[in-house]
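2 protein chains.
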Amino acid sequence: MRERNGSKEERQEQILEYILQYGSISLQEVVQHFECSEATARRDLEALEKAGRVIRTMGGGAKPAGLVSGREIPFHEKQNKLYREKESIAQLAASLVEEGDVIGLTGGTTTYLIARALKNRRNITVVTNAVNIAMELSENEDVQVVLTGGMLRSKNFELCGPLAERTLEALNIHTMFMGIDGFSVEQGVSTYSELEANTAKMMMKRTERTIAVFDHTKAGRNSLFQVAPVTALYGIIIDEEPGEELRERLASEQVKVFVTAK
Amino acid sequence: MRERNGSKEERQEQILEYILQYGSISLQEVVQHFECSEATARRDLEALEKAGRVIRTMGGGAKPAGLVSGREIPFHEKQNKLYREKESIAQLAASLVEEGDVIGLTGGTTTYLIARALKNRRNITVVTNAVNIAMELSENEDVQVVLTGGMLRSKNFELCGPLAERTLEALNIHTMFMGIDGFSVEQGVSTYSELEANTAKMMMKRTERTIAVFDHTKAGRNSLFQVAPVTALYGIIIDEEPGEELRERLASEQVKVFVTAK
DNA sequence: ATATTTATGATTGAATATTTCATAATGATG
DNA sequence: CATCATTATGAAATATTCAATCATAAATAT
Numbered sequence: 001m002r003e004r005n006g007s008k009e010e011r012q013e014q015i016l017e018y019i020l021q022y023g024s025i026s027l028q029e030v031v032q033h034f035e036c037s038e039a040t041a042r043r044d045l046e047a048l049e050k051a052g053r054v055i056r057t058m059g060g061g062a063k064p065a066g067l068v069s070g071r072e073i074p075f076h077e078k079q080n081k082l083y084r085e086k087e088s089i090a091q092l093a094a095s096l097v098e099e100g101d102v103i104g105l106t107g108g109t110t111t112y113l114i115a116r117a118l119k120n121r122r123n124i125t126v127v128t129n130a131v132n133i134a135m136e137l138s139e140n141e142d143v144q145v146v147l148t149g150g151m152l153r154s155k156n157f158e159l160c161g162p163l164a165e166r167t168l169e170a171l172n173i174h175t176m177f178m179g180i181d182g183f184s185v186e187q188g189v190s191t192y193s194e195l196e197a198n199t200a201k202m203m204m205k206r207t208e209r210t211i212a213v214f215d216h217t218k219a220g221r222n223s224l225f226q227v228a229p230v231t232a233l234y235g236i237i238i239d240e241e242p243g244e245e246l247r248e249r250l251a252s253e254q255v256k257v258f259v260t261a262k
Numbered sequence: 001m002r003e004r005n006g007s008k009e010e011r012q013e014q015i016l017e018y019i020l021q022y023g024s025i026s027l028q029e030v031v032q033h034f035e036c037s038e039a040t041a042r043r044d045l046e047a048l049e050k051a052g053r054v055i056r057t058m059g060g061g062a063k064p065a066g067l068v069s070g071r072e073i074p075f076h077e078k079q080n081k082l083y084r085e086k087e088s089i090a091q092l093a094a095s096l097v098e099e100g101d102v103i104g105l106t107g108g109t110t111t112y113l114i115a116r117a118l119k120n121r122r123n124i125t126v127v128t129n130a131v132n133i134a135m136e137l138s139e140n141e142d143v144q145v146v147l148t149g150g151m152l153r154s155k156n157f158e159l160c161g162p163l164a165e166r167t168l169e170a171l172n173i174h175t176m177f178m179g180i181d182g183f184s185v186e187q188g189v190s191t192y193s194e195l196e197a198n199t200a201k202m203m204m205k206r207t208e209r210t211i212a213v214f215d216h217t218k219a220g221r222n223s224l225f226q227v228a229p230v231t232a233l234y235g236i237i238i239d240e241e242p243g244e245e246l247r248e249r250l251a252s253e254q255v256k257v258f259v260t261a262k
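Top line first, the protein sequences correspond to chains L and D.
Residue numbering for the first sequence follows this note's numbering, beginning at 1 and increasing consecutively.
Residue numbering for the second sequence follows this note's numbering, beginning at 1 and increasing consecutively.
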């Protein structure tokens, strides 16, 4: 190949660098900067777009949304699978919230949608350990947003660890909506991550009423780390009627079951 | 005018809504959705682009970077005024950081640049109350990022209030870089906001060495809320040699003065 | 030494954008 | 109420940018 000024990879890295600094780049800037043809410039931008690191504009490229220094922030959108189900769960959850409430939200897709459903409320307080949820809600001045402290987990922008737990000690939450990865009669609610499980546990301790929110694919499944037995729950919100056994057990434990309308 | 389905404003709001949900929209989608001509669709996207709420792509529009639900996150770029000065301050600050250090960073443009300068370091811990700084650094797994808790101030994404202060009580910071709005011999360091001043004060209490960072436009100026007298500082980093009087006073107080190379 | 792969540049037709003008609806003015 | 200016819109012409294809040269493999 006839490389003039460095390899394709270097060029693309530099384009990225440029975009990160200036926000965008024009095709002509690429051409002049690297003394390459338009075809090459376009191909570079195309490759970067495919990698999700650049959004192509008319005559150039720009920084894509939802990326902070090249990483994606989980601001979930409708593309997500089970969006409709999760959205209906979120709507139901939001309907349980009243003015003046102090709400707790763990991290997760469903809880993020609950946050969005609460976005235009007045006079509520939301406590969360998820940075993306906090940012979404902070737009509204009428919603007081409290972020727990803690170590920032880069993968999902959740705050965890002893510091998060220490912060929670100072708070009293009325109703908490807990996103989980697994739910069963025997094991109760569980998550994939130990850190998240611990933070959720701590959050529960500071909460009057804990409501687990999850879609039907999580029901009857167990994840690695148990957060709490079903008896510790005030209620669950789910998008499908639970099975006979589960329903009976929940009834006997006085756990409320909210099922979304189809 | 011949309005078919609602006004221009409504249409543009709906386009925005759509983009917020799906991430992007095509010209044809706009045309079909609103039953308008391509010209109108383009004009709408053009107007939204001008307002900074949409980034125009080839054949459509998309969510611009740095916007969360329509608001800008302060991820500062080279356009900022005094960028060169602040960058040089940041570089100097970063050069004072060694492996294993526990660093504190308040919110602000300069401290954000320090964070960026520290981004590729290994084995350091950064404590901050600024969400954007935390997010920037969390990309690197080798930097441990600790976010203080607290109320999220929507304007600048800083965490403040009693909870932030409570979190800090559990931490011991080695060197803290403090961004400020004013610096003078008499008043010491000061900021515009009382909340920020309080949080900074608390952070200082938990810090061995506090270094104030600011550009020359801040020197000799006082802001409303005092954070600390000069005697409480370990040092300052500034981009211009301070005046005679200031220099003498700082020398007598054993406050180190770091001036960036031109 | 030859073949293969890869990166690049050039060309051309297609898609998209910009500009300009015409028209219809709305509101203001006398 | 007639007239005029303003605004929103659509249509058409022009200009720009893009995508696809092919050719070529360098690097790599056989």
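For every residue, glycine included, the Cβ atom is placed at its ideal position computed from N, Cα and C.
query                                                                                                                                                                                        : result
Along the chain, where does the alpha helix (DSSP H) that runs through residue 216/D open and close?                                                                                         : Careful: residue 216/D lies outside any alpha helix (DSSP H) and carries neither H nor E.
Go to residue 185/D, then tell me how far its beta strand (DSSP E) extends in each direction, as first and last residue.                                                                     : Counting along the chain, residue 185/D falls outside any beta strand (DSSP E), and DSSP gives it neither H nor E.
For residue 202/D, does the count of other Cβ atoms within 10 angstroms reach 16, so buried, or fall short, so exposed?                                                                      : buried
For the segment 82–137 of chain D, which segments carrying the beta strand (DSSP E) assignment without a break, of at least 3 residues, lie completely within its bounds, in sequence order? : 102–105, 124–128
Closer than 9 angstroms by beta-carbon distance: list the chain L residues that pair up with residue 254/D, in chain order.                                                                  : Correct list: empty, because the minimum Cβ distance to chain L is about 33 angstroms.
Just checking my contact of residue 11/L with residue 34/L at CB under 8 angstroms: how many whole Å lie between their CB atoms?                                                             : 5 angstroms
How would you list, in chain order, the residues of chain L whose beta-carbon sits under 7 angstroms from the beta-carbon of residue 148/D?                                                  : 149
Unbroken alpha helix (DSSP H) runs of length 4 or more, entirely within the segment 146–179 of chain D: which are they?                                                                      : 162–168
For the segment 89–121 of chain D, which residues have a CB atom closer than 7 angstroms to at least one CB atom of chain L, in sequence order?                                              : none
Quick one: residues in its chain with C-beta nearer than 6 angstroms to the C-beta of residue 165/L, no 5 flanking neighbours on either side, listed in chain order?                         : 202
Nearest-angstrom Cα distance between residue 238/L and residue 122/L?                                                                                                                        : 26 angstroms
In three-state terms, what does DSSP make of residue 259/D?                                                                                                                                  : strand
Hey, residue 26/L and residue 59/L are a contact pair by Cβ (cut 8 angstroms); roughly how many whole angstroms apart?                                                                       : 6 angstroms
Among 118/L, 200/L, 23/L, which has the Cα closest to the Cα of residue 138/L?                                                                                                               : 118/L
Closer than 9 angstroms between beta carbons: that is the criterion. Which residues of the segment 47–58 of chain D meet it against chain L?                                                 : 55, 56, 57, 58
Return the Cβ separation of residue 222/L and residue 190/L in integer angstroms, given the expectation that the two are a contact with Cβ distance under 8 angstroms.                       : 5 angstroms
Going by DSSP in three states, residue 62/L sits in which element: helix, strand or coil?                                                                                                    : strand
Helix, strand or coil for residue 232/L, going by three-state DSSP, please let me know.                                                                                                      : helix
What does the Cβ neighbour count give for residue 172/D, buried or exposed, with the cut at 16 atoms within 10 Å?                                                                            : exposed
Tell me whether residue 227/L sits in a helix, a strand or coil according to DSSP, three-state version.                                                                                      : strand
Check whether the Cβ of residue 190/D lies closer than 7 angstroms to any Cβ atom in chain L.                                                                                                : no
In chain L, what lies closer than 7 angstroms to residue 138/D by C-beta?                                                                                                                    : 152, 154
With 7 angstroms set as the bound, which would you pick, yes or no: does the beta-carbon of residue 170/L sit closer than that to a beta-carbon of chain D?                                  : yes
For the beta strand (DSSP E) containing residue 56/L, name the first residue and the last one.                                                                                               : 55–57
Since residue 167/D meets chain L, which of its residues come closer than 8 angstroms, beta carbon to beta carbon?                                                                           : 149, 163, 166, 167
For residue 147/D, collect the residues of the same chain with a Cβ closer than 6 angstroms to its Cβ; drop the 5 residues on either side in sequence, then sort them by chain order.        : 134
Using the DSSP secondary-structure output, state which residues sit across from residue 143/D in a beta bridge.                                                                              : 124/D
With residue 26/L as the anchor, note down where its beta strand (DSSP E) starts and where it stops.                                                                                         : 24–26
Quick one: what's got a C-beta closer than 8 angstroms to residue 192/L's C-beta in the same chain, skipping five residues either side?                                                      : 181, 223, 224, 225
Find the nearest neighbour of residue 13/L within the set 28/L, 48/L, 43/L, judged by alpha-carbon distance.                                                                                 : 48/L
Would you kindly work out how many angstroms separate the C-alpha atoms of residue 83/L and residue 183/D, rounded to a whole number?                                                        : 52 angstroms
Can you look up residue 208/L in the DSSP assignment and give me helix, strand or coil?                                                                                                      : strand
Taking the straight line between their C-alpha atoms, what separation do you get for residue 240/L and residue 65/L?                                                                         : 34 angstroms
Looking at chain D, is there any beta carbon in it that lies within less than 7 angstroms of the beta carbon of residue 63/L?                                                                : yes
Take residue 81/L as the anchor and find which of 86/D, 22/D, 234/D has the nearest alpha-carbon.                                                                                            : 22/D
Taking 8 angstroms as the limit between beta carbons, can you name the residues of its chain near residue 63/D, skipping five residues before and five after?                                : 19, 20, 23, 24, 54, 55
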